[in-house]
Amino acid sequence: MAKYRKLGRTSSQRKALLRNQVTALLNNGSIRTTEAKAKEIRGIAEGLIALAVKEKDNFEEVTVKAKVARKDKDGKRVKEVVDGKKVTVYDEVEKTVKKDLASRLHARRQMLKVLYPVKEVPAAQAGRKKNTKEVDLVAKLFDEVAPKYENRKGGYTRIVKIGQRKGDAAMEVLIELV
-13 MAKYRKLGRT SSQRKALLRN QVTALLNNGS IRTTEAKAKE IRGIAEGLIA
37 LAVKEKDNFE EVTVKAKVAR KDKDGKRVKE VVDGKKVTVY DEVEKTVKKD
87 LASRLHARRQ MLKVLYPVKE VPAAQAGRKK NTKEVDLVAK LFDEVAPKYE
137 NRKGGYTRIV KIGQRKGDAA MEVLIELV
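Numbering of the sequence shown is given in our numbering, commencing with residue -13 and proceeding in unit increments.
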């Protein structure tokens, strides 16, 4: 008996498909797919959420000094002439940042092995490359998803049957975060 569903694909295609679907599920909150795929996705997604819940508070706040470019009222960098060259002016600023402890850093890297990078395109400026933003899904897992499930002992996803697909009569389901 097999330990997992092969989904009619080679191992590399199957791994890519599952990574893509898990990324979409965690980014959007729910996706529509076939029942077999949803059952495979569930295990991976719940493992990532459980890891995020476990390591949610495992960081320390650190104050660091950083150089930030000075900007004018239009948001452009201020430049001054030094030795005949235009040079950007920098100010030193103190910031507090979250520094992951070793186990949380390991958990972050484990999540990054599964999740694909996600770009978010705003609706108003759709199609513009410069307006796209990189979404940090791992930070979203730690900051938004994990606190939601901290008192729950598993069962972070729900599979709801929708019905059969018209083309090939495969059972379609909606898998969503509870």
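Cβ atoms here follow ideal geometry from the backbone N, Cα and C, with glycine treated the same way. Here the structure is a predicted model, which is why all the values come from computation and not from measurement.
Mapping the DSSP letters down to three states, classify residue i as helix, strand or coil.
i        : result
Val73    : strand
Asp170   : The requested residue 170 does not occur in the structure, where the chain is confined to residues -13 to 164.
Lys147   : strand
Ala155   : coil
Leu163   : strand
Val67    : strand
Lys1     : helix
Ala(-12) : coil
Thr211   : Because the chain is modelled from -13 through 164, residue 211 falls outside the range shown and cannot be assessed.
Lys53    : strand
Lys119   : strand
Alpha carbon to alpha carbon, what distance is there between residue j and residue i?
i       : j        : result
Gly33   : Ser16    : 17 Å
Lys81   : Val50    : 5 Å
Val75   : Lys59    : 15 Å
Ala155  : Asn13    : 28 Å
Leu87   : Val48    : 12 Å
Lys65   : Lys119   : 27 Å
His92   : Leu98    : 10 Å
Gly70   : Val79    : 27 Å
Lys1    : Val83    : 34 Å
Asp7    : Gly61    : Here residue 7 is Gln; the residue named in the question, Asp, does not match the sequence. Taking the straight line joining both Cα atoms gives about 39 Å.
Arg151  : Arg18    : 11 Å
Ser(-2) : Tyr135   : 32 Å
Arg5    : Pro108   : 24 Å
Phe45   : Lys115   : 34 Å
Leu101  : Lys139   : 23 Å
Asn117  : Ala(-12) : 45 Å
Asp122  : Met157   : 32 Å
Pro133  : Ser89    : 18 Å
Using a threshold of 9 Å, state whether the C-beta atoms of residue i and residue j are closer than that.
i       : j      : result
Val124  : Arg94  : yes
Arg28   : Ile161 : yes
Arg(-5) : Glu26  : no
Leu127  : Ile35  : yes
Leu3    : Leu11  : no
Thr9    : Val104 : yes
Val159  : Gly141 : no
Contact between the segment 54 to 66 and the segment 20 to 38 (3+ Cβ pairs under 8 Å): no
Inter-stretch contact (C-beta, 8 Å, three-pair minimum) for the segment 145 to 163 and the segment 38 to 45: no
Contained beta strand (DSSP E) runs [length at least 3] in the segment 14 to 50, N- to C-terminal order: 16 to 20
Length at least 4, wholly inside the segment 88 to 114: the alpha helix (DSSP H) runs in chain order: 88 to 100
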